[in-house]
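First comes the structure, then the notes that go with it.
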Amino acid sequence: MTNIKTKIGKVELTNPILVASGTFGYGEESDEFIDLNQLGGIVTKSITVHPREGNPSPRIVETPSGMLNSIGLANIGVERYISEMLPKYTDLDTAVIMNIAGSSQEEYIDVMKRVESVSNNLTGYEINISCPNVGKDGMEFGVDCDLTFQLTSELRQLTEKLLIIKLSPNVTDIAAIAQSAEAAGADAVSAINTVVGMSINPVTRKSNVYTKLCGLSGPAIKPVGVASVYQISQSISIPVIGIGGIITGEDVVEYLLAGASAVQVGTANYRHPAAGLSILDEFIDFCEKNNISDLTELIADLQDDS
Ligand SMILES: Cc1cc2nc3c(=O)[nH]c(=O)nc-3n(C[C@H](O)[C@H](O)[C@H](O)COP(=O)(O)O)c2cc1C
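Heads up: the sequence shown runs through residues 789 to 1094, numbered per my numbering.
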């Protein structure tokens, strides 16, 4: 049997398959379809200081091999997350990672401080830095090395829990942003968030999504995700969590070979909430058929031609 345990910072996950933020609610909606404890971990929907309705509809549209979304960070806000969600996680036997979003450094800090001030058994935090910063002309934190460094440093001082910075692919040099996160004390980075996309109805000449620009996810973005993980893992020494278009066990292997230590499954959960577990079964099957005794044999083991 293959050893499929993997380490992210000081945390050992029972397996490398987590579910991605925004595609699995707060974790509790799907527990009648899936044994959550069999997942390597759950990353919950982005939480902001105040509750958010999100963008007006239409905010989701299907595309060939993927989907476009512009949900606009609809969420229940940190106070309800603390009172309603955190208690539900105490019975879970899997890693629960809270995803935090904000439009200023202060907002991210506020959310984390409030969560850290109550007793909870979260495994850690994933920081969604693909959010426009109101203080810097709407520029996303995730496109700027200095903003990424400052935000990560501030959050690092607030917690000893796992701190993962989630990177946007909509940048010139994703590896440089990852280096800033590492230098500021992040335990890991995750990549990628959605790729900027757009869809127009040729007859009405209107956008198919209210906000016009939105985020592409699903199999269409897998090559972008794999390339991002490869570039990042060549430039930093903390673990990388691969995200983007994973729907099969072999997709997981591809991400590990590119340098990921674990992965997150997103859009596939919309096909079936138990997608993560069928992907896990396929991954285990692949490892056994290929005589892989330990998952670490795959990490960054990309072979050259020669
Ligand atoms: C409907 C939807 C909502 C999402 N919401 C969030 C979110 O709240 N926070 C976040 O960090 N990422 C969010 N994401 C991005 C996913 O976590 C993931 O990074 C992305 O979809 C790529 O993975 P995939 O191709 O497997 O879906 C969302 C994605 C989708 C499709």
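All C-beta atoms, glycine included, are put in the ideal place defined by N, C-alpha and C.
Within the region 975 to 1059, ranges of the alpha helix (DSSP H) (whole runs, at least 4 residues): If one requires a minimum length of 4 residues, the alpha helix (DSSP H) runs lying completely within the region 975 to 1059 are 1010 to 1023, 1037 to 1046, 1056 to 1059, in chain order.
Cutting at 6 angstroms between CB atoms, please list the residues of its own chain near residue 792, excluding the five before and the five after it. Correct list, in chain order: 803, 1083.
Own chain partners of residue 1070 with C-beta closer than 6 angstroms, once the 5 adjacent residues on each side are dropped: Spatial neighbours of residue 1070 in its own chain (CB-CB distance under 6 angstroms, excluding positions within 5 residues in sequence) are listed in chain order as 1036, 1037.
Quick one: what does DSSP say residue 920 is sitting in, helix, strand or coil? Residue state for residue 920 is assigned as strand, using DSSP reduced to three classes.
Following a CB-centred definition, is residue 996 positioned closer than 7 angstroms to any heavy atom of ligand 1? Every heavy atom of ligand 1 is 7 angstroms or more from the Cβ of residue 996, so no.
As a quick exercise: from 976, 1039, 1019, pick the residue whose alpha carbon is nearest that of residue 1007. If we check each option's Cα against that of residue 1007, 1039 comes out closest.
Please work out which residues of its chain come closer than 7 angstroms, Cβ to Cβ, to residue 1111, disregarding the five sequence neighbours upstream and downstream, and give them in chain order. A query on residue 1111 cannot be resolved here, the shown segment of the chain reaching from 789 to 1094 and no further.
Could you check what DSSP says for residue 833 in three-state terms: helix, strand or coil? Note: residue 833 maps to coil in three-state DSSP.
Any beta-carbon of chain B closer than 8 angstroms to the one on residue 862? The structure shown contains no chain B; it holds only a single protein chain.
Looking only at its chain, what residues have a beta carbon closer than 6 angstroms to the beta carbon of residue 937, apart from the 5 residues adjacent to it on each side? 968, 972.
Cβ-heavy atom distance between residue 855 and ligand 1 below 7 angstroms? Residue 855 Cβ: within cutoff of ligand 1.
Can residue 982 be considered in contact with ligand 1, in the sense that its beta carbon sits closer than 7 angstroms to one or more heavy atoms? At a cut-off of 7 angstroms, the beta-carbon of residue 982 counts as near ligand 1: some heavy atom of the ligand is closer than that.
Delimiting residues of the beta strand (DSSP E) encompassing residue 805: Boundaries of the beta strand (DSSP E) around residue 805: 805 to 807.
Could you give the distance in angstroms between the alpha-carbon of residue 797 and the alpha-carbon of residue 1093? Computed Cα separation, rounded: 32 angstroms.
So who's on the other strand from residue 849, going by DSSP bridges? For residue 849, the pairing in a beta bridge is given by DSSP as 856.
Identify, in the order they occur along the chain, each residue of the same chain with its Cβ nearer than 8 angstroms to the Cβ of residue 1021, setting aside the five sequence neighbours on each side. Hits under 8 angstroms: 1028, 1046, 1047, 1048, 1088.
Residue 854 to residue 952, Cα distance in whole Å? Computed Cα separation, rounded: 25 angstroms.
Do you know how far the Cα of residue 989 is from the Cα of residue 954? For residue 954 and residue 989, the distance between alpha carbons rounds to 32 angstroms.
Residue 1077: buried (16+ other C-beta within 10 angstroms of its C-beta) or exposed? Counting other Cβ atoms within 10 Å of its Cβ, residue 1077 stays below 16 and is therefore classed as exposed.
Do you know offhand how far residue 894's Cα is from residue 921's? Cα atoms of residue 894 and residue 921: separation of roughly 11 angstroms, rounded to the nearest angstrom.
Give every residue of the same chain whose Cβ lies closer than 8 angstroms to the Cβ of residue 963, excluding the five residues on either side of it in the sequence, and list them in chain order. These residues qualify, in order along the chain: 1019, 1020, 1022, 1023, 1024.
With respect to the alpha helix (DSSP H) encompassing residue 965, which residues constitute its N-terminal and C-terminal limits? 962 to 971 is the extent of the alpha helix (DSSP H) around residue 965.
Report buried or exposed for residue 932, applying the criterion of at least 16 other Cβ atoms within 10 angstroms of its Cβ. By the neighbour-count criterion, in which a residue is buried when 16 or more other Cβ atoms sit within 10 angstroms of its Cβ, residue 932 is buried.
If you count every other CB in all the chains shown that lies within 10 Å of the CB of residue 1079, and 16 or more means buried, which is it? So residue 1079 ends up on the exposed side.
Status (buried if at least 16 other CB within 10 Å, exposed otherwise) for residue 789: Within 10 angstroms of the beta-carbon of residue 789 lie fewer than 16 other beta-carbons, which makes it exposed.
Rounded to the nearest angstrom, what separates residue 945 and residue 837 at their Cα positions? The C-alpha of residue 945 lies about 19 angstroms from the C-alpha of residue 837.
The alpha helix (DSSP H) spanning residue 864 covers which residue range? Residue 864 -> no alpha helix (DSSP H), and no H or E assigned at all.
Could you tell me the distance, in whole angstroms, from the CA atom of residue 974 to the CA atom of residue 948? Distance from the CA atom of residue 974 to the CA atom of residue 948, rounded to whole angstroms, is 10 angstroms.
8 angstroms CB neighbourhood of residue 827 in its chain, flanking five on each side removed: The residues are 803, 805, 806, 807, 882, 1064, 1065, 1068.
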